[in-house]
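K.L.:
Sequential numbering from 44 applies to the sequence shown in this note's numbering.
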Amino acid sequence: MVTFNFTRSGKVSFTIWRRVLATAAGRAILPVMTEETSFPRKTVFALTAAGAIPFVALVIAMALLEAPTNSTAALWLQTYAAVILSFLGGIRWGLAFGRPGGSTATFALSVCPALAGWAILPPAIILVPSPNWFLAYAGLFALQLIWDLRSPGVPAGFKPLRLGVSLVVIGALAGAWAVQTWLF
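In structure tokens:
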């Protein structure tokens, strides 16, 4: 088991614990290793914000560009959404992998965002092009956000960071739906 403690100065300390048999009646948990390191909060925030920029920029491009370039922007937006859903699933996989005894359900659920994001892409682009696919992507990001917000044991600062960027992404995808529904 690993525990993380964050300080206001941007330091994070973590302790790796192992179980040992303390008495015949039960187990005790003893620390194996403790380390303190610097946590680059500003870098994490900047990279997270940078990851949201393509969502907003592509929706603006969809609204301002004329056909067929606006359709290309829509294609890029849907593809980028699938990539980011894969990334978010990878985060959850990594969190589960970092905990001894990670649950099978968590590992299985962590691949669902990637599978769903990439499964939506062919019908959205080739089979049944529709603005409603943007709402499907927004729904997937909302489900991922709910899972992240309800999950115990994620590092401090993860939930507020995910909430902010997810609201931007969901808003951008809803904006893409609105652009394709009302402008084109």
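For glycine and all other residues, C-beta sits at the position ideal for the given N, C-alpha and C.
What alpha helix (DSSP H) runs, 4 residues minimum, are completely inside the stretch 135 to 186?
P.N.:
Correct list: 147 to 153, 155 to 165.
K.L.:
Along the chain, where does the alpha helix (DSSP H) containing Ser-209 start, and where does it finish?
P.N.:
Element bounds for Ser-209: 201 to 221.
K.L.:
Which term fits Pro-143, buried or exposed, when burial requires 16 or more other beta carbons within 10 angstroms of its beta carbon?
P.N.:
Result: exposed.
K.L.:
Check Phe-227 in the structure and name its three-state DSSP category.
P.N.:
Coil, per DSSP.
K.L.:
Hey, would you say Leu-101 sits closer than 8 Å to Leu-128, going by beta carbons?
P.N.:
For Leu-101 and Leu-128, no; Cβs fall outside 8 Å.
K.L.:
Excluding sequence positions up to five away, which residues of its chain have a Cβ less than 7 Å from the Cβ of Ile-168?
P.N.:
Cβ neighbours of Ile-168 beyond the five flanking positions: Leu-118, Gln-121.
K.L.:
Any idea if Arg-193 is buried or exposed, counting beta-carbon neighbours within 10 angstroms, 16 or more meaning buried?
P.N.:
So Arg-193 ends up on the exposed side.
K.L.:
Can you tell me the Cβ-Cβ gap for Pro-156 and Leu-183, rounded? I've got them flagged as a contact below 8 Å.
P.N.:
The pair is a contact, with the Cβ atoms about 6 Å apart (cut-off 8 Å).
K.L.:
DSSP state of Ala-110, grouped into three classes?
P.N.:
Note: Ala-110 maps to coil in three-state DSSP.
K.L.:
Answer with buried or exposed for Asn-113, where buried requires no fewer than 16 other C-beta atoms within 10 angstroms of its C-beta.
P.N.:
Burial call: buried.
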